[in-house]
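**Student:** As they're listed, the protein sequences go chains A and B.
Just so it is clear: in the first sequence, position 132 is 132 by this note's numbering, and no numbers are missing.
Just so it is clear: in the second sequence, position 42 is 42 by this note's numbering, and no numbers are missing.
All C-beta atoms in this analysis are idealised placements derived from N, C-alpha and C, irrespective of residue type, glycine included.
Below you'll find the structure I mean.
Number of protein chains: 2
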Amino acid sequence: MTERLTRVQQQAVTRARLLDAAETLFGDRGIHQTSLDGIAAAAGLTKGAIYANFGSKGDLIAAILERKLGADEPEPPSASLAAWAGRLGDTYESAVDRPEIRRFALAFVELWLYGMRDGSARAPLAQWLQSVRDANAREAAELADDLPLPADQLAAVLLALDIGVSLQRLLDPRAVPVEVYTAGLKAILGRGPA
Amino acid sequence: MTERLTRVQQQAVTRARLLDAAETLFGDRGIHQTSLDGIAAAAGLTKGAIYANFGSKGDLIAAILERKLGADEPEPPSASLAAWAGRLGDTYESAVDRPEIRRFALAFVELWLYGMRDGSARAPLAQWLQSVRDANAREAAELADDLPLPADQLAAVLLALDIGVSLQRLLDPRAVPVEVYTAGLKAILGRGPA
DNA sequence: GTATTCGAATACTGATTAGTATCTGGATAC
DNA sequence: GTATCCAGATACTAATCAGTATTCGAATAC
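Below you can see the structure in the form of structure tokens.
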């Protein structure tokens, strides 16, 4: 069970464990409430491991963002705009209330705020969001050539809907039901056939 | 010029100056990067003034949120849905790139994150957003009775658009032009006459 | 006019924590 | 098999900062 690992393999495992632990704790407690000792302990390591792998706390944060790049596996294309909207809605509905998604959302906002004030974290974060928009723009452009909006703007609006509804719902789930997202989707993509 | 103030008047001035300074610094540097000494100094006071007016840093933060309640002056009603959409778009366009709006947006996200993890800040924040949604829902309901969405859901979607586009644009203004907001508005409220 | 009250200033403390210096043990090179 | 190397552990430091204890002075009360 316990494999014999080479040095580089071992270090890759260590790095990944530290990044996972940091991302989780950032979501649960916030970046500034999370100490490096805390991250290391959650990963079953010590601060020495962090400084052997990252230059500083800021570098660790930037590394979390850089890991996101190219980490999203592409979805299978939908059959129609309406089918796509349906899938987006279903995915959202099944995700919003899962605790790990909540954690992810909180960590995202933490990282956004950090990135807004830190040069080295900002670029990968911006790139990540761009790649999300690009993927959706490509999908939309393939499904219809009479989109209600230019594909890239549509993608930005859809991402805005996701982010904006999530922020409101996380704060006050009773005031902002999940249907707000699906209703918004329909309003934007057009009320397609049934 | 320098008025002679009674004790309660003076204290009200002090309180307001502290809240202003705190909100500004939270936007510029973030809540956890802002020390109480820094807030007091920015207000031309000392930490003593803070603890004479607020029980703790958390209380000061909650007070910022509570001050938002009932602080928004109501807008004059629009003539039509299309006119309303036009005004929302114009307001947004003229606001997004102003530095004090940027600061406000950053402070909002800081406070959101804080509120998500702190009971006493969460309630006033949720109430504030609710009051924003309510105002827009009322306006929309008065302008049309064939809205594309139920008024309360529409209001939540519009707020989501504002928040979501702003977060993306603040991070990467070149990738997300202001037109994304107005385009989204049109897509949601329907492409009205000219 | 004097006594009292209390908002704000000053001075201090304890706890936290990013970062550093040093050490160690097991994997690598030869 | 021995020497070397280096990922990670351990121990420490310096700085920051929320909160407290005390003092001060100007506005109230009488």
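#1: Taking beta-carbon pairs under 8 Å, can you tell me which members of the region 116-140 of chain A lie near chain B?
#2: Which residue wins for smallest C-alpha separation from D20 (chain B), given the options B:L60, B:S56, B:Q9 and B:A175?
#3: Closest Cβ-Cβ distance between A175 (chain B) and chain A: below 8 Å?
#4: Quick one: list the residues of chain B neighbouring V157 (chain A), beta-carbon separation under 9 Å, in chain order.
#5: Assuming Q33 (chain B) is part of the alpha helix (DSSP H), what are its boundary residues?
#6: In the region 82-116 of chain A, which residues sit with their C-beta less than 7 Å from some C-beta in chain B, listed in chain order?
#7: Would you report the Cα separation of Q153 (chain A) and T46 (chain A), rounded to the nearest angstrom?
#8: Among A:R67, A:R29 and A:T34, which one has its Cα closest to the Cα of R15 (chain A)?
#9: Could you name the residues of chain B that P76 (chain A) contacts, counting a contact when the two beta carbons are closer than 8 Å?
#10: Taking only runs of the alpha helix (DSSP H) that begin and end inside the region 64-126 of chain B, which ones reach a length of at least 4 residues, in chain order?
#11: Classify G190 (chain A) as helix, strand or coil using the three-state DSSP reduction.
#12: Quick one: grab the DSSP three-state call for T6 (chain B).
#13: Assign G164 (chain A) to one of two classes, buried (16 or more other C-beta atoms within 10 Å of its C-beta) or exposed (fewer than that).
#14: Chain A beta carbons: is any one of them nearer than 8 Å to that of L170 (chain B)?
#15: With a 10 Å radius around its C-beta and 16 neighbouring C-beta atoms as the bar for buried, classify T91 (chain A) as buried or exposed.
#16: Once DSSP output is grouped into helix, strand and coil, what is the label at G55 (chain B)?
#17: Can you find a CB in chain A that lies within less than 8 Å of the CB of L25 (chain B)?
#18: Counting pairs of Cβ atoms below 8 Å between the region 71-86 of chain B and the region 135-151 of chain B, do you hit three or more?
#19: Quick one: what does DSSP say D152 (chain B) is sitting in, helix, strand or coil?
#20: Quick check: is the beta carbon of G58 (chain B) nearer than 8 Å to any beta carbon in chain A?
#21: Whole angstroms are fine: how far does the CA of E23 (chain A) sit from the CA of A183 (chain A)?
#22: Is R15 (chain B) helix, strand or coil by DSSP?
#23: Could you check whether S166 (chain B) and A105 (chain B) sit closer than 8 Å to each other, using their CB atoms as the reference points?
#24: Are the region 28-43 of chain B and the region 83-101 of chain B touching by the rule of at least three beta carbon pairs closer than 8 Å?
#25: Kindly list, in the order they appear in chain B, the residues whose Cβ is closer than 8 Å to that of Q153 (chain A).
#26: Looking only at its chain, what residues have a beta carbon closer than 6 Å to the beta carbon of R169 (chain B), apart from the 5 residues adjacent to it on each side?
#27: Note down, in chain order, each residue of its chain lying with its Cβ closer than 6 Å to the Cβ of T2 (chain A), except the 5 sequence neighbours on either side.
#28: Listed in chain order, which residues of the region 13-39 of chain B have Cβ atoms closer than 7 Å to some Cβ of chain A?
#29: Considering only their Cβ atoms, is the gap separating L159 (chain A) from R138 (chain A) smaller than 8 Å?
#30: List, in chain order, every chain A residue whose beta-carbon is nearer than 7 Å to that of L149 (chain B).
#31: Going by CA-CA distance only, name the one from B:A85, B:F26 and B:Q130 that's closest to A187 (chain B).
#32: Taking C-beta to C-beta, are I31 (chain A) and I39 (chain A) nearer than 8 Å?
#33: Indicate the three-state DSSP secondary structure (helix, strand or coil) for V178 (chain B) in the structure shown.
#34: When the distance is taken between beta carbons, is V157 (chain A) closer than 8 Å to L180 (chain B)?
#35: N53 (chain A) to A12 (chain A), Cα distance in whole Å?
**Tutor:** Reading it off the structure:
#1: M116, R117, R122, L125, A126, L129, Q130 and R133
#2: B:L60
#3: yes
#4: L161, G164, V165, V180, Y181, A183, G184, A187 and I188
#5: Neither: Q33 (chain B) is in no alpha helix (DSSP H) and is coded neither H nor E.
#6: L106, V109, E110, W112, L113, G115 and M116
#7: 45 Å
#8: A:R67
#9: Ordered by position in chain B, no residue passes the 8 Å Cβ test against P76 (chain A), which lies about 26 Å from the chain.
#10: 81-95 and 99-117
#11: coil
#12: coil
#13: buried
#14: yes
#15: exposed
#16: coil
#17: no
#18: yes
#19: helix
#20: no
#21: 31 Å
#22: helix
#23: yes
#24: no
#25: E179, V180, A183 and G184
#26: V176
#27: Because the pLDDT of T2 (chain A) is 45, which lies under 50, any placement of that residue in the model is unreliable, and the number read from its coordinates should be weighed accordingly. Here the set comprises nothing.
#28: G30 and H32
#29: no
#30: A183 and A187
#31: B:A85
#32: no
#33: coil
#34: At residue 180 (chain B) the sequence reads Val, which differs from the Leu that was named. Contact: yes.
#35: 9 Å
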